[in-house]
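Q:
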Amino acid sequence: MIHTKDFSAKTIKQLTSKGISIIGTQAMPGFEGDIYFSGVSYKLQFENKMFLRNHSQVIVLAASSWSPETDL
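Taken in order, the sequence shown gives residues 33 to 104; the numbers are from this note's numbering.
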């Protein structure tokens, strides 16, 4: 699984404790119409909602005080 090499065990544990799982990855288009570059986003799942976040956003989400009672 790609997320096990992209994130530390601590980050994955923090996400799991919030009820969030990383279910996959997706290529995203580059900025300002750059057709030769694409970044990677991670597909996250919380309950029945799926959302995309880049690597740094996942790290911040894991370390933040966000809880399931707040909006994503």
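We put the beta carbon where it would ideally sit given N, CA and C, even for glycine.
On a predicted model such as this, the values are computed, not experimentally measured, just so you know.
Cα separation between residue 72 and residue 57?
A: 7 Å
Q: For residue 88, does the three-state DSSP call read helix, strand or coil?
A: helix
Q: Bridge partners of residue 52, per DSSP?
A: DSSP lists 78 as partners of residue 52.
Q: Per DSSP, what are the beta-bridge partners of residue 83 in this structure?
A: 76
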